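Residue numbers (my numbering): -14 to 343. Here is the structure we will look at, set down as structure tokens.
Following this line, the structure appears as structure tokens:
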């Protein structure tokens, strides 16, 4: 087991790692002392697959909400149902909330914790690779509104995060590969050695120690950025790399593309924009090669149009009155915040679409 801690102006987050198969007592200890009798929010599929492991925590919980990890359910209606369940359970200001699931469940569960009774203690137990390497750390919560991604949210860093790679044993292959896109994003932003570890890993039959090493390196990069800029007023915006195009692709595809698949394509599209502004001309090809190696989509065919993407850009949460702040990868570890006007976006879009339709 390893422990890491990141401190921000708002709070401290402790990250702990453990093996569920060899350290069951460690898992149970997470629900002792100040974390006794939590309100639990659990992904329904995780509950089904890991019921024996979860039963002791469920039996001692103050309340329980089970939800399906479906994008169409990441909305204010589901958030309201979680609040109602918290109210019915009669939880108090000192009742901790523990969320067990992937990024979608952790996002909405953390938002419920940050808003009910004006904020409750929070532990996140990520069960997907994407959530382990990215979504669990940093405190962003959110729900979708009118089919647009994460339009409503808060900043609510978890007090504790428990990383147990054994959960990945039951993760569908497509979801595991979606996490690779966020790993690639992190390598582009701040640590190319992550790419080298990824290239050596057998993606179809990954070794747990290799995965854990990559997870911790990704969290180290993100933790360093979030510590400096929790509320995304500057440097933290770099973590949106791939997400401006990615979120638009998710919505435009009516969520047929997973978040990770869309972000991977977003990295490719945003690298294309960077090339038009003097970036490394080889980078889009390198990104495409990594996406292909990971078994991720390298294009969208006719799934979405440039016109639809352009309309969705206007609903991106980074939009200002006369344009948007983009994160453009000019090279490895050289990602820049770049303000683009709608006219500049329109000029770049044909090149982006030409790459995405290959």
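Here a beta-carbon is modelled for each residue, glycine too, at the ideal position from N, C-alpha and C. As the structure is a prediction and not an experimental result, all values here were calculated from the model.
Taking its Cβ as the centre, do 16 or more other Cβ atoms sit within 10 Å of residue 378, making it buried, or is it exposed? The chain is shown from -14 up to 343; residue 378 falls before or after that span and cannot be answered.
Excluding the 5 residues flanking residue 172 on each side, which residues of the same chain have their C-beta closer than 6 Å to its C-beta?
In the chain shown, the residue the question calls residue 172 occupies position 187. Answer for residue 172: 179, 180, listed in chain order.
**Asked** Quick one: does residue 189 have its CB under 8 Å from some CB of chain B?
**Response** Looking at the structure shown, chain B is missing, and only one protein chain is on hand.
Sequence-distant residues of its chain with Cβ nearer than 6 Å to residue 372 (five each side left out): Outside the modelled stretch of the chain, which goes from -14 to 343, sits residue 372, for which no answer is possible.
ask   = How big is the Cα-Cα spacing for residue 295 and residue 229?
value = What you label residue 295 is simply residue 310 of the chain shown in a count that begins at 1. What you label residue 229 is simply residue 244 of the chain shown in a count that begins at 1. Looking at the two C-alpha atoms, the distance is approximately 11 Å.
Within 8 Å, do at least three Cβ pairs link the stretch 209 to 217 to the stretch 181 to 189?
no
Check: Taking all protein chains shown into account, do 16 or more other C-beta atoms lie within 10 angstroms of the C-beta of residue 244, making it buried, or fewer, making it exposed?
Finding: On the chain shown, residue 244 is found 259 positions in, with the first residue counted as 1. Label assigned to residue 244: buried.
Q.
According to DSSP, is residue 60 part of a helix, a strand, or is it coil?
A. Translated into the one-based positions of the chain shown, residue 60 becomes position 75. Reduced to three states, the DSSP call for residue 60 is coil.
Legend entry - Euclidean distance between Cα positions of residue 284 and residue 84: As a working note, residue 284 is residue 299 in the chain shown. As a working note, residue 84 is residue 99 in the chain shown. Cα to Cα, residue 284 sits roughly 34 Å from residue 84.
Checklist entry - So what does DSSP say about residue -1, is it helix, strand or coil? => result Translated into positions along the chain shown, residue -1 becomes position 14. Strand.
Report the residue from 249, 149, 220 whose alpha carbon sits nearest the alpha carbon of residue 200. If you number the chain shown from 1, residue 200 lands on position 215. Nearest option by C-alpha distance: 149.
Strictly by DSSP, which residues pair up with residue 164? By 1-based counting over the chain shown, the position of residue 164 is 179. Note: residue 164 sits in no beta bridge, so no partner.
ask   = Can residue 316 be considered in contact with the ligand GTP, in the sense that its beta carbon sits closer than 7 Å to one or more heavy atoms?
value = Of the ligands one can find in the structure shown there are none, so the ligand GTP has no counterpart to examine.
Q) Which residue spans inside the stretch 64 to 115 form an unbroken alpha helix (DSSP H) run of at least 4? A) 88 to 100
_Taking its Cβ as the centre, do 16 or more other Cβ atoms sit within 10 Å of residue 324, making it buried, or is it exposed?_
As a first step, residue 324 must be located in the chain shown, where it is residue number 339. Answer is exposed; the Cβ neighbour count stays below 16.
Handout entry: Unbroken alpha helix (DSSP H) run spanning residue 336, endpoints
Key = In the chain shown, residue 336 corresponds to position 351, counting from 1. Looking at the DSSP string, the run of the alpha helix (DSSP H) that includes residue 336 is 327 to 341.
Does the stretch 20 to 39 come close enough to the stretch 72 to 89 that 3 or more CB-CB pairs lie under 8 Å? yes
(message) If the criterion is Cβ atoms closer than 8 Å, does the pair residue 320 and residue 223 meet it?
(response) Counting from 1 along the chain shown, the entry for residue 320 is found at position 335. Counting from 1 along the chain shown, the entry for residue 223 is found at position 238. The answer is yes: Cβ separation under 8 Å.
**Prompt:** Name the DSSP bridge partner or partners of residue 133?
**Reply:** One-based indexing of the chain shown puts residue 133 at position 148. Paired residues: 130.
Within the same chain, show all residues whose beta-carbon is closer than 6 Å to that of residue 102, passing over the 5 residues directly before and after it, in chain order. Along the chain shown, read from residue 1 onward, the residue named residue 102 stands at position 117. Contacts found: 78.
(message) What does the Cβ neighbour count give for residue 57, buried or exposed, with the cut at 16 atoms within 10 Å?
(response) Within the chain shown, residue 57 is the residue found at index 72, counting from 1. Residue 57 is exposed by the Cβ-count criterion.
Which residue or residues does DSSP assign as beta-bridge partners of residue 316?
Within the chain shown, the letter at position 331 stands for residue 316. Paired residues: 319.
- Query: How big is the Cα-Cα spacing for residue 20 and residue 225?
  - Reply: Position 35 of the chain shown, counting from 1, holds the residue named residue 20. Position 240 of the chain shown, counting from 1, holds the residue named residue 225. Those two C-alpha atoms are separated by around 32 Å.
CA-to-CA distance, residue 257 to residue 265, given in whole angstroms: Locating residue 265 in the chain shown gives position 280, where the first residue counts as 1. Locating residue 257 in the chain shown gives position 272, where the first residue counts as 1. Each residue's alpha carbon lies about 9 Å from the other.
- Task: Would you kindly report the start and end of the unbroken alpha helix (DSSP H) that includes residue 272?
- Result: In the chain shown, the residue the question calls residue 272 occupies position 287. 268 to 278 is the span of the alpha helix (DSSP H), which, as asked, contains residue 272.
(request) Give me the Cβ distance between residue 97 and residue 130, rounded to the nearest whole Å; I'm assuming they're in contact under 8 Å. (result) Indexing the chain shown from 1 puts residue 97 at position 112. Indexing the chain shown from 1 puts residue 130 at position 145. Incorrect: roughly 16 Å between the Cβ atoms, too far for contact.
Open item on the list: Using C-beta distances below 7 Å, list every residue in its chain close to residue 195, excluding the 5 sequence neighbours before and after it, in chain order.
Closed with: For the purposes of this step, residue 195 is identified with residue 210 of the chain shown, where counting begins at 1. 182, 186.
**Asked** Going along the chain, which residues of its own chain have a beta-carbon closer than 6 Å to the beta-carbon of residue 119, five neighbours each way excluded?
**Response** For the purposes of this step, residue 119 is identified with residue 134 of the chain shown, where counting begins at 1. If we look at residue 119 and ignore the five residues flanking it on each side, its Cβ neighbours are 167.
inquiry  = Contact defined as beta carbons within less than 8 Å: I believe residue 208 pairs with residue 341. What is the distance between those atoms, to the nearest angstrom?
reply    = On the chain shown, residue 208 is found 223 positions in, with the first residue counted as 1. On the chain shown, residue 341 is found 356 positions in, with the first residue counted as 1. Incorrect: roughly 32 Å between the Cβ atoms, too far for contact.
Need the endpoints of the alpha helix (DSSP H) that residue 48 sits in, please. Residue numbering aside, residue 48 sits at position 63 when the chain shown is read from its first letter. Not the alpha helix (DSSP H): residue 48 falls in the beta strand (DSSP E), residues 48 to 52.
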